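Student: Numbering (mature numbering (1 follows the signal peptide of the UniProt record, and there is no 0)), first residue to last: -20 to -1, 1 to 910. Structure provided below as C-alpha cells; questions to follow.
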C-alpha cells in the first residue's frame, strides 16, 4: 500500500499542472506557542515565537472559528515603529504572500484596530477591522525582488496592530506572469468560485498552490448582488482538464452558474478601485449538450469594444467539453463597483455559463532604501549586537524610519543622518561608510570605537562629524579640511596623534580636539594664525567705530527733516488713523502695537469703497464691500457689526492668523482697520464669489463641470493641509464650508474666514473649546465632547465633497426628509453601491464614473462618526488627485475616434500608473474567444 501511495505522489510531482512544492510552503501562526500540523489540510504550521521578538501573544475569544491558527494572534505596540516578519525567497521566483487578521473578542467601546500593512517599502493596504468575528485576508502575488521580503505592520490610527497568520506559497513558473512585473505587484481583489456547493472556501489540498477561492454563497455586504433571474447552479463529478496557464483547481471548475433565461448578471465591490487590473474568467462546459445544442454568449457589461464584441463558445475555444477556457484582460481599468453580465447570442440554445473569476489590482512597487546605505547600517548593527536599537526591522526609511537614522525623500531614499551617540558601538568605523553619499550628519560620540578614522572623502555633503569620547587612534586625515560642506568636527577625548591639518584651523570649521594628548597643531600655522587673528580684531574695531558715527549722523538728519515737515495733515485725520488700544489681540496691546498686519487708515478705506457704496455680500460678522485701493488693487472689505467681546475675539484671531500664514490657496489679508467703535478686514477681491454660489445656489453663474469641481476641491484641500501640517503649531479652521471657499478670476479656490480658527498646542492631541461652526458641517464628535482636532475640519470637508458630487445643500428636510442631512442621505446610497443617484443631474453622462466613485469613497471616510477613522488631509488630497488623473484620462482619449483609442480606455497605465502602456490592439492582450 505504501508503495502505491509513494508512486502516486511521485506521479503528481511530474504532472505539469501540479508542482511538488508543499515542502516549500511557509505557514506562520502568529502568537502560537508551538508548531503543529493542521489535521484538515495536512499543512505544517510554525509558531512565530522564534522569529518575532516584539509584541505579545493574545488568546482570541469568541472567534467562532475552529481552525487552530485563529486561536491566538500577535499584538504590537501602537507606536511610531514598524514590526516586520522576514520571509526567505528565491530571487525572481513568483510567490503568493498572504496575511490574515481575526480580532475575535468585541472591541472595547466599539473601537477596532486600523493600521497599515507593507510588503518591503510598498504599501500593501490599510487593515480596517469592523467585524470582530470576520477573517480579513490580504493576498499579494509577487516576483521576489531579492532573497528575502519583509511584511511589516505599522502606523496604527486606532488600537494596536495585530496579525493572525502569515503565509508564503511558491507558484509555478508560468503562473501570473505579466509584462509589468518589474514595476508592479498583483494584489488579489477577488477570487470567486461560482456554483459552489457550500459556504466554505476552496483551498489546499484541492488547490495545490493554496489559493483561497471564495464561495459565491457567502453573504457579505455588496459581495455578490444583482443576481439575474433564472440563474441556476450546476455541478459535475467528472474530471475537468485545467492544464492551462493558471491551473485553477478541478473542484472549482466542477461547479458553475448558468443563466437559464439567457443572462448571467452580478455586481461586486472591489476595494481600492478604480484601478488598473488583471482579470481572468474561467469557463468549462460541464453539461452534456445535445447534438444540435450550443452555448454561445457575449459580455454585455462592462462594455469594452474589443472584448464585448467577442462571442464566447466554450466547447470550441476549449477544444471540447470538460476542458478549461480562460479568456483574460491582462490590463484593464475597473470601477469600484464592478457590474458585469453575460448574455446568450441569438443562435445559442443554452444560456451563458460561468465557473470562476479572478481579479488582481496592479500595485506599483515602491523603491527601497539604497542598498549600499542599508549594507553600511547593517555593519553598524553588527557592532552592537543585543542592544535595543539593533532590533528594528524592515526597510530603514519606509514606511517609518529607524529611530537612529534620518532619510531623504528622494527615490531611492538615502540616509542623511546617523545618530548613534552613546549606543555602545564597538570596533572600527565601517569602511563602507564612504559609499553613503547622501550623509550630512554623523554622530558616533560616546562609544567604544577603535582604530583610525576611515576614508570619508567621498562624502561631499557631510556637514557634521561627532567622534568624541571614543578610543580612536592615528592621525586626523588631511582630507577632512577639504570636505566642501563640513561645518563641525568634534574628535575630543580620543587617542589621536600627530599634527592637525592646517585646513582645519582656518576658522571655517568649528573644530574641537581637546583631550588628545598626542595631537598638536602645525607650529608654523599656529604663529600665522595668531597674526591673522590680531589683525582681524583690529579691523573689526575700526569698522564698528565708523558704523557708530554713521548711525549718529543719520538719526540727527532724520530728526531735522521731521521738524521741517511739521503738522502737514489735519488733526481729524490723525485721530481717525489712530488704532484703538482696547479689545484687540494678545498681550494687552493693539493690533498696531503687535505689528502683525498692514494698518490702513479709515479715510483710505472710505476712498477705496466710495464710502461703502457697493455691498457684495455678508461675512461671518458683518457686510462685505467692494473696493479699489490707490495702487489699483481690487479688495473686499469686511466690516464688523458685532461689538461684543466674542466678535472682537474673532476679529483679532483672523488678523493674527492671516498675518503669519501665507499660501496660494488661502485668501490673503492685505490690511485692517480698528478703533474703539469699528473694525474692518481688507482682503484680496475674489472675482467669482463662493463655491456655494456655483454648486447649490439658484444663480445664473457659470455651471461647473466635474473636472472644475475636482480642481476646486484640490485647491481647498491644499489650503487646509497647509493649515494642519505646514503651520507650527497647526491651525484648525473650524468653519469649513462651501461659502468659505472663494474663487478667484481664474476659478482657483482659496479658503477664507478664519474667525473661528484655533491653534493646536504641539503637545496636545486636541483643543478643548465650545463647539462652534455651521449646521450641516459640524463634526458630531466635536459637538459631543467639545474636543477640537484637525479631523473636525476633515468632517466638514467631507460634506463639501458630497456637495460637489450632488450639487445639493448640506441639510434640508425638503430634499432629504427624515435624513435631513446630506451625510445620512449619501451614506446610505453609497453603501448600496449606488453613486449615480447622488450625482448632480448636470454631471450624469458627462463624467468618468470611476472618478466620482473615488471622491464618494473618500468623502464617506471623511464623515465617519469617529475622528480616528477619518483620513488626514494629505490622504484626501491624494484621492482627489487620483480622481483628476482618471477624469483627464477620458479627456485625452475622447478626441480620437480610432479603434486603438477606444481600446486604450481600458489601458490607462500611461496616465494612471505613469509607465509605458502596451499596444492593446495586439492579440496577446485580447481574449481568444470567437
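Idealized CB from N, CA, C, for every residue including glycine. Bear in mind the structure is a predicted one, so any value in this text is a computation, not a measurement.
For residue 948, count neighbouring Cβ atoms within 10 angstroms of its own Cβ and tell me buried if that reaches 16, exposed if not.
Tutor: Residue coverage of the chain in this structure runs from -20 to 910, which leaves residue 948 outside it and unanswerable.
Student: So residue 389 and residue 62 are supposed to be a Cβ contact under 8 Å. How far apart are they, rounded?
Tutor: About 18 Å separates the two Cβ atoms, so there is no contact after all.
Student: What residue range is occupied by the uninterrupted beta strand (DSSP E) comprising residue 68?
Tutor: Taken as a continuous stretch (DSSP letters only), the beta strand (DSSP E) holding residue 68 covers 63 to 68.
Student: Quick check on DSSP: helix, strand or coil for residue 407?
Tutor: Correct three-state label for residue 407: strand.
Student: Please confirm whether residue 190 and residue 5 have their CB atoms less than 8 Å apart.
Tutor: In this structure, residue 5 lies closer than 8 Å to residue 190 by Cβ.
Student: So, residue 453 versus residue 416, is the Cβ gap smaller than 8 Å?
Tutor: Cβ distance not < 8 Å, so residue 453 and residue 416 don't count as in contact.
Student: Return the CA-CA distance between residue 689 and residue 811, expressed in angstroms with no decimal places.
Tutor: Cα-Cα distance, rounded: 23 Å.
Student: Taking Cβ positions, are residue 836 and residue 815 nearer each other than 8 Å?
Tutor: For residue 836 and residue 815, yes; Cβs fall inside 8 Å.
Student: So, with DSSP's three-state summary, where would you put residue 498?
Tutor: Note: residue 498 maps to strand in three-state DSSP.
Student: Skipping 5 residues on each side, what residues in its chain have a beta carbon closer than 6 Å to that of residue 109?
Tutor: These residues qualify, in order along the chain: 83, 92, 93.
Student: Could you check what DSSP says for residue 169 in three-state terms: helix, strand or coil?
Tutor: Residue state, collapsed to three classes: strand.
Student: Which class does residue 686 belong to by DSSP, given the choice of helix, strand or coil?
Tutor: Here residue 686 sits in helix by DSSP.
Student: Quick one: Cα of residue 413 to Cα of residue 708, how far?
Tutor: Looking at the two C-alpha atoms, the distance is approximately 35 Å.
Student: Taking one C-beta from the segment 325 to 339 and one from the segment 389 to 403 each time, how about it: are there three or more such pairs within less than 8 Å?
Tutor: Counting Cβ pairs under 8 Å, fewer than three are found: no touch.
Student: In the structure shown, what three-state DSSP assignment does residue 771 receive?
Tutor: Reduced to three states, the DSSP call for residue 771 is helix.
Student: Using the Cα positions of residue 100 and residue 116, report the straight-line distance between them to the nearest angstrom.
Tutor: Going by the C-alpha atoms only, they are around 20 Å apart.
Student: Under the three-state reduction of DSSP, which class applies to residue 427: helix, strand or coil?
Tutor: Reduced to three states, the DSSP call for residue 427 is coil.
Student: Taking C-beta to C-beta, are residue 259 and residue 175 nearer than 8 Å?
Tutor: Not in contact: residue 259 and residue 175 (Cβ atoms no closer than 8 Å).
Student: Mapping the DSSP letters down to three states, classify residue 224 as helix, strand or coil.
Tutor: In this structure, residue 224 counts as coil in the three-state DSSP scheme.
Student: Would you tell me roughly how many angstroms separate the C-alpha atoms of residue 45 and residue 18, rounded to the nearest one?
Tutor: Roughly 14 Å separates the two Cα atoms.
Student: In whole angstroms, what is the alpha-carbon distance linking residue 21 and residue 15?
Tutor: Residue 21 and residue 15: Cα-Cα distance of roughly 15 Å.
Student: Going by the beta-carbon positions, is the gap between residue 262 and residue 335 smaller than 8 Å?
Tutor: Yes, the Cβ-Cβ distance between residue 262 and residue 335 is below 8 Å.
Student: Quickly, what does DSSP pair residue 598 with across the bridge? List them, please.
Tutor: The partner list for residue 598 (beta bridge, DSSP) reads 603.
Student: Tell me whether residue 32 is buried or exposed, calling it buried when 16 or more other Cβ atoms sit within 10 Å of its Cβ.
Tutor: Buried is the call here.
Student: With contact counted as at least three CB pairs below 8 Å, one residue from each stretch, are the segment 211 to 225 and the segment 311 to 327 in contact?
Tutor: No, the segment 211 to 225 is not in contact with the segment 311 to 327.
Student: Would you mind stating whether residue 443 and residue 469 have Cβ atoms separated by less than 8 Å?
Tutor: No. Outside cutoff.
Student: Does the pairing of the segment 845 to 861 with the segment 813 to 830 give three or more beta-carbon distances under 8 Å?
Tutor: They do not touch, by the three-pair rule.
Student: Do the CB positions of residue 484 and residue 460 come within less than 8 Å of each other?
Tutor: Yes; because the gap between Cβ atoms is below 8 Å, this pair is in contact.
Student: If you reduce the DSSP assignment to three classes, tell me which class residue 456 lands in.
Tutor: In this structure, residue 456 counts as coil in the three-state DSSP scheme.
Student: Using a Cβ distance threshold of 8 Å, determine whether the segment 820 to 835 contacts the segment 641 to 661, with at least three qualifying pairs required.
Tutor: In short, these stretches do not touch, since the Cβ pair count stays below three.
Student: Rounded to whole angstroms, how far is the Cβ of residue 152 from the Cβ of residue 69, which I believe are closer than 8 Å?
Tutor: At roughly 16 Å, the Cβ-Cβ gap does not stay under 8 Å, so residue 152 and residue 69 are not in contact.
Student: Using the Cα positions of residue 482 and residue 30, report the straight-line distance between them to the nearest angstrom.
Tutor: Cα to Cα, the separation comes out at about 55 Å.
Student: If you draw a straight line from the alpha carbon of residue 216 to that of residue 266, how long is it in whole angstroms?
Tutor: C-alpha separation (whole angstroms): 6 Å.
Student: Looking only at its own chain, which residues have a Cβ that is under 7 Å from the Cβ of residue 760, when we skip the five neighbours before and after it?
Tutor: Excluding sequence neighbours, residue 760 sits near 845.
Student: For residue 367, does the count of other Cβ atoms within 10 angstroms reach 16, so buried, or fall short, so exposed?
Tutor: Burial call: exposed.
Student: Relative to the C-alpha of residue 232, which candidate in 71, 186, 168 has its C-alpha closest?
Tutor: The residue with the shortest Cα to Cα distance from residue 232 is 186.
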